[in-house]
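Asker: Questions regarding the structure given below will be posed in turn.
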Amino acid sequence: MPELPEVETVARDLQHSVAGATIVHAHVSWDRTIRHPQPPERFVAEIEGATILRVSRRAKTVLLHLEDGRVMTVALRMTGALIVAAADADPDPYVRVVFSLADGRQLRYRDVRKFGRIGLWPGGGLRSVGAGRGSRSRKVAEGARRYRIGEVFSGHGPEPLSRTFTVGRLAERLGRRSARLKSLLLDQAFIAGVGNIYADEALWRARLHPLRRADGLADGEVRRLHRAVRQVLREAIANRGSSLRDYVGADGEPGANAERLAVYRRTEQPCLRCGTRIERIVVGQRSTHFCPRCQPLPVASVPS
DNA sequence: ACGCCTACCTGCTTGC
DNA sequence: TGCAAGCAGGTAGGCG
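187 is the number of the first residue of the first sequence in my numbering; add one for each residue after it.
What follows is the structure in structure tokens.
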């Protein structure tokens, strides 16, 4: 479900609605939602009584900072959602964890496909929750070592909306890689928070073919990509995210961005710029949508 | 470094 | 209508 704009929307919603709230009770109905090595019973015991100080986002993970310095991380993966509900709200068979708040409300973790994971990390440090390949060499046995807070997401690439994510930085990173643009945009170690929807949208906006190799871009093309990624994400946040199926904000309402998507899941429909039929191909086992006319593939620009 | 595969899960859509 | 296959916003781990 959620990519950067959706997770950002949830985090902002929660900052407004549950910052300052105290968790008086927790109930876990699908144990594997709780990250190893925390046994669910221990997690429940340790979270009870905690007060939520503030809520933020890093990459596609929601961070609930607790008053005592500990941090609860919620990785929503495909269908996870964090929803604030009244205690007497309708029962929902897909709610995997319920946090009962002191004021009577519930913070519900809902997840149809059960891929999401919730972690609780000690004050002043978290264990690595790295991002795939890039963090592999840094991986250590679970529980064997603690990372300091600044190193928590050390396996992740830059936040695309941060001020430090400049054209120059993107150019430098692209220049060192031979992979296809689409695959790189999905690589959390290369850039944090972009997923399948916004990768396709950004490439369409930048008029770059998803199979172009990263180190083959001209300066102007890098500039277009940098601008496109940031615009697409910012606009989606302004629209509270793209709801294709399961995604809702913490208020339980879907976002409004899905209807503004230019290529994602618009196979065979006309390109909004030139009217050419949008094509669907598979890149790295992920559906990929693009306009064959606006996003041409120059000869010899594909990874071999 | 890179691409490709499988696994984790459930539900909806599509095609015969 | 029924039923199987294919598809889904993510990512970890394994292989060549």
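Beta carbons: idealized from backbone N, C-alpha and C, even for Gly.
Got a sec? Which residues, its chain only, sit under 7 Å from Ser203 by beta carbon, not counting five neighbours each side?
Answerer: Here the question's residue 203 lines up with position 17 in the first sequence. Hits under 7 Å: Val270, Ala436.
Asker: Is Ser321 helix, strand or coil by DSSP?
Answerer: Counted from its first residue, the first sequence places residue 321 at position 135. In this prediction, Ser321 scores a pLDDT of 43, lower than 50, which makes its location untrustworthy; the coordinate-derived value is nonetheless stated afterwards. Note: Ser321 maps to helix in three-state DSSP.
Asker: Determine the direct distance from the alpha carbon of Pro456 to that of Gly402, and round the result to whole angstroms.
Answerer: Position 216 of the first sequence, counted from the start, is the residue given in the question as residue 402. Position 270 of the first sequence, counted from the start, is the residue given in the question as residue 456. Those two C-alpha atoms are separated by around 28 Å.
Asker: Who does Ser473 pair with in a DSSP beta bridge?
Answerer: By 1-based counting over the first sequence, the position of residue 473 is 287. Val468, per the DSSP bridge assignment.
Asker: So which of Thr208, Pro188, Ala385 has the shortest CA-CA distance to Glu232?
Answerer: The residue you call residue 232 lines up with position 46 of the first sequence. That would be Thr208, whose Cα lies nearest to the Cα of Glu232.
Asker: Measuring CB atoms only, is the stretch 468-478 touching the stretch 362-376, in the sense that at least three cross pairs come out at less than 8 Å?
Answerer: Contact between the stretch 468-478 and the stretch 362-376 is present, because at least three Cβ pairs lie under 8 Å.
Asker: Per DSSP, which one or two residues make a beta bridge with Ile209?
Answerer: Working through the first sequence from its first residue, we reach residue 209 at position 23. Leu287.
Asker: In whole angstroms, give me the CA-to-CA distance for His222 and Asp297.
Answerer: Sequence index remark: in the first sequence, residue 222 carries index 36 (1-based). Sequence index remark: in the first sequence, residue 297 carries index 111 (1-based). Rounded to the nearest angstrom, the two C-alpha atoms are 18 Å apart.
Asker: What's the call for Gly305, buried or exposed, on a 16-neighbour Cβ count within 10 Å?
Answerer: Working through the first sequence from its first residue, we reach residue 305 at position 119. Counting Cβ neighbours within 10 Å, Gly305 comes out buried, since at least 16 surround it.
Asker: Could you tell me whether the Cβ atoms of Gly379 and Pro346 are closer together than 8 Å?
Answerer: For the purposes of this step, residue 379 is identified with residue 193 of the first sequence, where counting begins at 1. For the purposes of this step, residue 346 is identified with residue 160 of the first sequence, where counting begins at 1. Yes, Cβ-Cβ distance for Gly379 and Pro346 is below 8 Å.
Asker: Would a C-beta distance cut-off of 8 Å place Pro188 and Leu250 closer than the cut-off?
Answerer: Here residue 188 corresponds to residue number 2 of the first sequence, with the count starting at 1. Here residue 250 corresponds to residue number 64 of the first sequence, with the count starting at 1. Going by C-beta atoms, Pro188 is not nearer than 8 Å to Leu250.
Asker: Over what stretch of residues does the alpha helix (DSSP H) that includes Val196 continue unbroken?
Answerer: On the first sequence, position 10 is the one that residue 196 refers to. Looking at the DSSP string, the run of the alpha helix (DSSP H) that includes Val196 is 190-204.
Asker: Considering only the beta carbon of each residue, do Arg463 and Glu454 sit closer than 8 Å?
Answerer: Here residue 463 is taken as the residue at index 277 of the first sequence, counted from 1. Here residue 454 is taken as the residue at index 268 of the first sequence, counted from 1. Result yes, Cβ atoms of Arg463 and Glu454 sit closer than 8 Å.
Asker: Considering only the beta carbon of each residue, do Arg393 and Cys480 sit closer than 8 Å?
Answerer: Counting from one through the first sequence, the residue named residue 393 turns up at place 207. Counting from one through the first sequence, the residue named residue 480 turns up at place 294. Yes, these two residues count as a Cβ contact at 8 Å.
Asker: Need the endpoints of the beta strand (DSSP E) that Gly266 sits in, please.
Answerer: Sequence index remark: in the first sequence, residue 266 carries index 80 (1-based). Element bounds for Gly266: 266-271.
Asker: Just the Cα atoms here: how many angstroms apart are Val214 and Ala414?
Answerer: The count along the first sequence starts at 1 and reaches residue 214 at position 28. The count along the first sequence starts at 1 and reaches residue 414 at position 228. Cα-Cα distance, rounded: 40 Å.
Asker: Output needed for Gln292: all residues of its chain with C-beta closer than 8 Å, excluding positions within five of it in sequence on either side, in chain order.
Answerer: On the first sequence, position 106 is the one that residue 292 refers to. So the qualifying residues of the chain are Val270, Ala271, Ala272, Ala273, Ala275, Val284, Phe285, Ser286.
Asker: Are Ala212 and Glu227 touching if we call contact CB-CB under 8 Å?
Answerer: To locate residue 212, count along the first sequence from 1; it is residue 26. To locate residue 227, count along the first sequence from 1; it is residue 41. Result no, Cβ atoms of Ala212 and Glu227 do not sit closer than 8 Å.
Asker: Judging by CA-CA distance, which residue of Ala245, Asn425, Tyr384 is the nearest neighbour of His412?
Answerer: Here residue 412 corresponds to residue number 226 of the first sequence, with the count starting at 1. Nearest C-alpha to His412: Tyr384.
Asker: Thinking C-alpha only, which one of Gln417, His342, Val353 is nearest Gly406?
Answerer: Taking the first sequence and counting its residues from 1, the one referred to as residue 406 is at position 220. That would be Val353, whose Cα lies nearest to the Cα of Gly406.
Asker: Under 8 Å, do Arg282 and Tyr295 count as touching if we go by C-beta distance?
Answerer: Working through the first sequence from its first residue, we reach residue 282 at position 96. Working through the first sequence from its first residue, we reach residue 295 at position 109. Yes, Cβ-Cβ distance for Arg282 and Tyr295 is below 8 Å.
Asker: What are the complete alpha helix (DSSP H) segments, minimum 4 residues, inside the stretch 409-434?
Answerer: Complete alpha helix (DSSP H) runs here, min 4: none at all.
Asker: To the nearest angstrom, how far is it from the Cα of Arg256 to the Cα of Leu458?
Answerer: For the purposes of this step, residue 256 is taken as the residue at position 70 of the first sequence. For the purposes of this step, residue 458 is taken as the residue at position 272 of the first sequence. Those two C-alpha atoms are separated by around 47 Å.
Asker: Arg399 by DSSP, collapsed to three states: which one?
Answerer: The residue you call residue 399 lines up with position 213 of the first sequence. Arg399: strand per DSSP, three-state reduction.
Asker: Mapping the DSSP letters down to three states, classify Thr352 as helix, strand or coil.
Answerer: Mapped onto the first sequence, residue 352 falls at position 166. Coil.
Asker: Output yes or no for whether 8 Å exceeds the beta carbon distance between Val241 and Ala288.
Answerer: Here residue 241 refers to the residue found at position 55 when the first sequence is read from its first residue. Here residue 288 refers to the residue found at position 102 when the first sequence is read from its first residue. No, Cβ-Cβ distance for Val241 and Ala288 is not below 8 Å.
Asker: How should Glu387 be labelled, buried or exposed, when 16 other C-beta atoms within 10 angstroms of its C-beta is the threshold for buried?
Answerer: Looking up residue 387 in the first sequence gives position 201. Answer is buried; the Cβ neighbour count reaches 16.
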